Amino acid sequence: MYKNFFRYLISAIFLLGFSVNSNADFKVGFVYVGPTGDHGWTFQHHEGRNAVEAAGIKTTFVESVPEGADAERVIRQLAQSGHDLIFTTSFGYMDPTNKVAKDFPNVKFEHATGYKREHSNVSTYSARFYEGRTLLGHIAGKMTKTNTIGYIASFPIPEVIRGINAMTLAAQKVNPNIKTKIVWVFTWYDPGKEAEAAQALIDQGADVIMQHTDSTAPVQTAEKAGVWSFGQASDMQRFAPKSILTSIIDDWAPYYVERAIAARDGTWKQQDTWHGLKEGMVAMGPYNSAMGADLVKEVEQLQKDLASGKVHSFTGPIYDQKGNILVADGKVADDGMLAGMSVYVKGVEGDIPK
Amino acid sequence: MSLDISFIGILIGSIMASSVPLILAASGELITERSGVLNLGVEGMMIIGAISGFALMVITDNLFIAIVGSMLSGVIISLIFGFLTQSLLTNHVATGLALTIFGIGLSAMLGKNFVGIPGKEFPILFSSLRESIPFFGPILFGHSIVLYFAFALPFLTNYFLKKTKLGLVVRAVGDSPVSASNQGINVILVRYCCILYGGAMCGLAGAYLSLIYTPQWIENMTAGRGWIALALVVFATWSPIKVLIGALIFGGITILQLHMQAIGFRIPVQFLSALPYLMTIIVLVVISRDSRKIKLNTPTSLGRIFYKEK
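Residue numbers (this note's numbering), protein chains in the order written: chain P, 1 to 354; chain Y, 355 to 664.
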């Protein structure tokens, strides 16, 4: 009886594999690091996927995939099951994506926020979130009364460090006495821990809270404590209507649609995309009227200047914590330096975890 | 940094708030384990409690119903565990693990429509006293009713186990179900009750997270707290008071390490992140060295299947 069972099972597996492979439909796969309902990072990627679907292209997604060995298994699974284009939407998927791409030269891969394109079928894309951080820094520098900005950081990768630096530089420009206090939580997503980190920063005197983690817990904690905060990745205003000054919003939809159509029509080419406020990949949520009309006007102007390129987030002179010059007076940091940023600028407290 | 006395009061207040889910879940599991049943489904029951509480709050707009409902949902899901292990005599460990996996999956499915809805503010008690009394104000006042209950629970549990007849019955069932059965105690019924009680407390612990601590629903929001509660019960050698101490140390070091980071201590952050686990184990091992007492508290038949021959 068991023999028969296994026979059926094996033939079923073969049939299944065959039916998937023979499917000529163009399909796009997405791998998410969090649940689609995080109302942050993954939520926004999922919105992008919805736009691809709305453009008439078939998609599938796998959510809450841990960075590491599991990721490779999932990406491989998607490649094997007939997906033609796969978006892997977290930094930690960088090596697994490249590894799988090597074995599936006919499948196209798009990796978010990474820098490795080891094979011709791997593209990378990211958004210049640091432009948004510059705006947050400007607002925070003006709004703080305690001159202390609290920053909840996830993992010590260039992306996160760049955000801390951009924010600090902008805040220093409007308020030279500013101090940035950083707490590393070593998770993208743990509401309880993020809330505790926010509370610790508030107790330590921060009256503006910023996060580079994905849940809405920090803004809610800020709302309860009566301090300012900023939404991350999506518009989190309704979670903390009084506290949120604005949100950095990631808008992946146009890019996803463009790339999916290119891959379907055979015009897809390897590239490294880094879009910002100008292209709309980074957008800002509504500004809180508590900022006052003057500051709103100022920030809107800065937003325009960042988009047009008149102002750059990293304009020299910029010094590191020890006082060594990073960017010379009058120069701006090039993309290579930004992509690999691994030191704090002057004015940030503490060390980067190794 | 201001290390004045009122600041320490605020700090202790937030440490207490963060240890509530651990105290509730661990106290519930402690009773379950003292009756000889090892339920590894704490995480699953907590997350079911979290989504049920939040969903009921959204639907009925009534926090009382939400809290009671979350406990009921914990009872219902632990009933599955009870039926499997007590009536169908399945293995406790495997069934408990299955319960956790089931709970996480089910809660994600149930919660699909409740993502992105802001929670409601949970009423806190004596908020005016909190502000007016330095140091003791933020420690003693301005908390939710669930916190006060959580802090009374270990003492009530201790009293129940040591001073009441029912507590004696639970311990007897956990130590020697055969003798208890020969004394005319319905072992299966007692164990059922203890399992359901554990489920109710875990449900409440989950609801504390989704209704009070971080008022919102998001998938997997318990983030492993159930497992920590489970470990606490063992390291506290099944003593309710030590569970309370362990939970406070764990919550305390978690929050202290965040403060140390914010202050800018030059200690590797990874070490700080591991500190809560390390310290909790060390302290609990040190305070429970007395092997005679450990023997007294350990439910001898923990995790063993009992059935009555008919």
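From the three backbone atoms N, C-alpha and C, an ideal C-beta is built for every residue, glycine too. For clarity, every value in this text was computed on a predicted model and none was experimentally measured.
query	result
Any C-beta of chain Y within less than 7 Å: which residues of the region 203-227 of chain P qualify?	D203, Q204, S215, T216, A217, Q220
With P/L85 as the anchor, note down where its beta strand (DSSP E) starts and where it stops.	85-88
Given a threshold of 16 other Cβ atoms within 10 Å of its Cβ, counted over all protein chains shown, does Y/I377 qualify as buried or as exposed?	buried
Kindly indicate which three-state DSSP category P/H212 falls into: helix, strand or coil?	coil
Going straight from the alpha carbon of Y/R620 to that of P/E63, what length do you get?	37 Å
In the DSSP assignment, find the unbroken beta strand (DSSP E) run with P/Y125 in it and report its ends.	122-127
Would you say Y/I617 faces chain P, with C-beta separation under 8 Å as the test?	yes
Going by CA-CA distance only, name the one from P/V299, P/A339, P/T213, P/S308 that's closest to P/H362.	One cannot answer for residue 362 of chain P here, as it falls past the ends of chain P, which runs 1 to 354.
Rounded to whole angstroms, how far is the Cβ of Y/S427 from the Cβ of Y/T511, which I believe are closer than 8 Å?	That pair is no contact at about 22 Å.
Determine the closest residue to P/M143 out of P/L302, P/P158, P/N288, with distance taken between C-alpha atoms.	P/N288
So that I know if they touch, is there some Cβ in chain P lying closer than 8 Å to that of Y/M355?	The pLDDT assigned to Y/M355 is 44, lower than 50, so where the model puts this residue is not dependable, and the model offers no usable value.
Cβ atoms of Y/I549 and Y/T654: under 8 Å apart, would you say?	no
Does the distance from the C-beta atom of P/S126 to that of P/E110 stay below 8 Å?	no
At a CB distance below 8 Å, what residues from the region 549-567 of chain Y approach chain P? Give them in sequence order.	L563, Y567
Using 8 Å as the limit for Cβ to Cβ distance, is P/K181 near chain Y?	yes
I want to see whether chain Y comes within less than 8 Å of P/Q172, judged by CB atoms only; does it?	no
Could you confirm whether any beta carbon from chain P is found closer than 8 Å to the beta carbon of Y/L612?	yes
So who's on the other strand from P/K181, going by DSSP bridges?	P/G150
Relative to the alpha-carbon of P/D84, which residue among P/S90, P/T60, P/F91 has its alpha-carbon at the smallest distance?	P/T60
Hey, Y/V597 and Y/A504: beta-carbon distance below 8 Å or not?	no
Could you check how far apart the C-beta atoms of Y/A601 and Y/L586 are, in whole angstroms? I think they sit under 8 Å.	6 Å
How many angstroms separate the CA atom of P/T221 from the CA atom of Y/F435?	36 Å
Does P/W41 get closer than 8 Å to chain Y when you measure Cβ to Cβ?	no
If P/T216 sits next to P/F239, beta carbons under 8 Å apart, how far is it from one beta carbon to the other, in whole angstroms?	4 Å
Start and end of the alpha helix (DSSP H) containing P/E258?	253-265
With burial defined as no fewer than 16 other Cβ atoms inside 10 Å of the residue's Cβ, what is the status of P/N165: buried or exposed?	buried
Taking the C-alpha atoms as reference points, what is the distance between Y/M355 and P/Q204?	Note that Y/M355 has pLDDT 44, beneath the 50 cutoff, so the model's placement of it is unreliable and the number below is only indicative. Each residue's alpha carbon lies about 6 Å from the other.
Name the one or two DSSP bridge partners that P/V62 has.	P/V31
Which residues share a DSSP beta bridge with P/F109?	P/I86, P/V122
Under the rule that 16 or more other beta-carbon atoms within 10 Å means buried, what is P/N21, buried or exposed?	Note that P/N21 has pLDDT 43, beneath the 50 cutoff, so the model's placement of it is unreliable and the number below is only indicative. Classification for P/N21: exposed.
Using a Cβ-Cβ cut-off of less than 9 Å, give me the residues of the region 571-600 of chain Y that come near chain P, in sequence order.	W571, I572, E573, N574, M575, T576, A577, G578, R579
Which of the three DSSP states is assigned to Y/Q537 in this structure?	coil
By the three-class DSSP mapping on this structure, what secondary structure does Y/W581 have?	helix
Less than 8 Å between CB atoms is the rule here; does P/N23 satisfy it with respect to chain Y?	In this prediction, P/N23 has a pLDDT of 42, which is less than 50 and means its spatial position is unreliable; what the coordinates show is noted afterwards. Chain Y contact via Cβ: absent.
Kindly indicate which residue of Y/N467, Y/I366, Y/N540, Y/Q570 has the alpha-carbon position closest to the one of Y/T608.	Y/I366
Span of the alpha helix (DSSP H) holding P/V327?	Taken as a continuous stretch (DSSP letters only), P/V327 belongs to no alpha helix (DSSP H), being part of the beta strand (DSSP E) at 325-327.
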